[in-house]
Amino acid sequence: MLFRTLAVPAAVAAASIIPPRATCENPTVRKEWRSLSADERDSYISAVHCLAKQPSKLGLSTTQYDDFPFVHNALNNDIHFVASFLPWHRYYVHIYEQALKECGYTGAAAYWDWTLDSDDTPKSSIWDPVTGVGGNGDPNTPVTIDGYTYKCVSDGPFKDLRPAYLTDTYVPHCLRRNFNNGSDSIGDMFSPRYTPDAVAKIHALPDYDSFRINLENGPHGAIHSAVAGDLMPATSPNDPLFFLHHTQIDRLWSLWQQVDPETRVNDFSGFRTQNKTGQPTPAQATLDDIMPMRNLAKDIPIRDIMSTQSDLLCYTY
Ligand SMILES: *[C@@H]1O[C@H](CO)[C@@H](O)[C@H](O)[C@H]1NC(C)=O
Ligand SMILES: *[C@@H]1O[C@H](CO)[C@@H](O)[C@H](O)[C@H]1NC(C)=O
Ligand SMILES: [Cu+2]
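Take a look at the structure:
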């Protein structure tokens with residue numbers, strides 16, 4: 123036995139002695155936006171407005187809310203179409219949830235389950251000005267940025283937000299949405315890509331890499347494209363809806379992990395960096411890869427974020 127222990131290659135032995143994070147005692151339960159009480163909704167929305175008034179924690183001249191799109195934009199090519207897409211956004215939603223709490227929010231991060239709306243997304247109650255997040259950009263309040271005309275959201279709780287950045291540019295502007303189906307029409311808002319059936323097929327995939335690729339390219343991308351406006355560019359966290367959308371993405375990953383928790387809480391694979399045409403095949407990602415967060419929070423390894431029920435995260439759905 124002793125010899126067999128000693129014969130384990132150094133790298134494997136080292137990895138096996140990294141202690142797992144402690145399991146947490148009383149996980150909070152993240153809820154669907156429309157099952158929050160009116161008080162919980164108000165508390166969430168007030169905290170968003172609070173973040174949009176606090177000064178930047180990154181030393182920028184803009185608000186703490188703007189720190190989120192700013193960092194997301196800066197890391198755009200490191201965190202999309204790569205293995206770390208799911209863990210990075212899980213960590214990012216957690217950091218946002220903490221920031222909301224520091225601004226007085228008493229609940230947990232909430233999600234938008236778009237599968238519930240896929241039979242008629244444009245008519246969904248999520249767009250309600252009172253119980254939802256406000257609706258499509260208003261064609262009667264067009265705004266011109268760099269020669270292009272955009273539609274501003276003119277109802278709901280976020281109509282007065284003034285996102286500061288549009289990708290790399292400082293250009294304070296209204297919150298924009300532009301519902302579409304890939305043409306000039308609103309149509310079905312790409313709903314075939316996020317029906318309960320479409321999501322069930324992704325849920326049935328057996329390995330992390332194919333699960334991540336299909337979730338990111340399918341429902342995740344479809345919602346960004348269908349809502350459009352500020353939800354489209356690399357500063358997409360400009361729209362608070364981003365966080366409800368990405369909490370749902372995180373929920374689907376968590377539900378997938380729960381199918382076989384012992385295996386899937388460590389199932390992580392795929393390209394570490396984007397596969398660009400003409401470049402050598404990128405290296406494989408590992409659980410020890412460090413997620414950059416540009417001072418929004420500490421940079422931590424992916425393995426620390428794999429379980430939602432650790433002392434770091436401590437939530438369920
Ligand atoms: C978008 O929706 C319109 C109106 O329903 C429809 O005529 C058009 O074919 C759709 N386009 C795409 C690309 O799905
Ligand atoms: C990289 O992407 C290109 C184009 O999308 C694809 O044809 C190629 O097979 C990919 N390479 C690998 C190693 O997956
Ligand atoms: Cu993103």
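Numbers 123 to 439, taken from the numbering used here, label the letters of the sequence shown in order.
Glycine included, every Cβ here is placed at the ideal spot set by N, Cα and C.
Reduced DSSP secondary structure (H/G/I, E/B, other) of residue i
| i | result |
| --- | --- |
| I308 | coil |
| V275 | strand |
| V134 | In this predicted model, V134 has a pLDDT of only 43, less than 50, meaning its place in the structure is not dependable; the value taken from the coordinates is given anyway. Residue state, collapsed to three classes: helix. |
| S358 | helix |
| Y439 | coil |
Start-to-end residues for the alpha helix (DSSP H) that takes in residue i
| i | result |
| --- | --- |
| I167 | A160 to L173 |
| T369 | L363 to Q380 |
| V193 | Q186 to A196 |
| V215 | F207 to E224 |
| G343 | G343 to V349 |
| P294 | Per DSSP, P294 belongs to no alpha helix (DSSP H) and is neither H nor E. |
| T458 | Examination of residue 458 is not possible in this model, given that the chain is present from 123 through 439 alone. |
| Y227 | Careful: Y227 lies outside any alpha helix (DSSP H) and carries neither H nor E. |
| E338 | Counting along the chain, E338 falls outside any alpha helix (DSSP H), and DSSP gives it neither H nor E. |
Range of the contiguous beta strand (DSSP E) that encloses residue i
| i | result |
| --- | --- |
| T460 | Lying before the first or after the last residue shown, residue 460 is absent from the chain, which here runs from 123 to 439. |
| P314 | From DSSP, P314 is part of no beta strand (DSSP E); its letter is neither H nor E. |
Other residues of its chain near residue i: CB distance less than 7 Å, five sequence neighbours each side excluded
| i | result |
| --- | --- |
| P244 | F301, I308 and M311 |
| A169 | L222, C225, G226 and Y227 |
| T127 | In this prediction, T127 has a pLDDT of 40, which is less than 50 and means its spatial position is unreliable; what the coordinates show is noted afterwards. Same-chain partners within the cutoff: there are none. |
| Y316 | W236, T237, S240, P341, A344 and I345 |
| S247 | R156, T253 and G254 |
Beta-carbon contacts of residue i that lie in its chain and below 6 Å, excluding the five residues immediately before and after
| i | result |
| --- | --- |
| M123 | In this predicted model, M123 has a pLDDT of only 33, less than 50, meaning its place in the structure is not dependable enough to derive any value. |
| R368 | Checking the displayed sequence, the identity of residue 368 turns out to be His instead of Arg. Within the same chain, H368 has close Cβ partners H211 and V215. |
| F203 | Q396 |
| I412 | D421 and P423 |
Ligand 3 heavy atom lying under 7 Å from the CB of residue i
| i | result |
| --- | --- |
| H211 | yes |
| I335 | no |
| I427 | no |
| I444 | Because the chain here runs from 123 to 439, residue 444 falls outside it and cannot be looked at. |
| H325 | no |
Sequence-distant residues of its chain with Cβ nearer than 8 Å to residue i (five each side left out)
| i | result |
| --- | --- |
| S347 | N302, G304, F312 and M354 |
Distance cut-off 7 Å: residue i Cβ against heavy atoms of ligand 1
| i | result |
| --- | --- |
| N303 | yes |
Does the segment 355–363 come into contact with the segment 190–210, if we say contact requires no fewer than three beta-carbon pairs (one atom in each stretch) closer than 8 Å? Taking a cut-off of 8 Å on C-beta distances, the segment 355–363 touches the segment 190–210, as three or more cross pairs fall below it.
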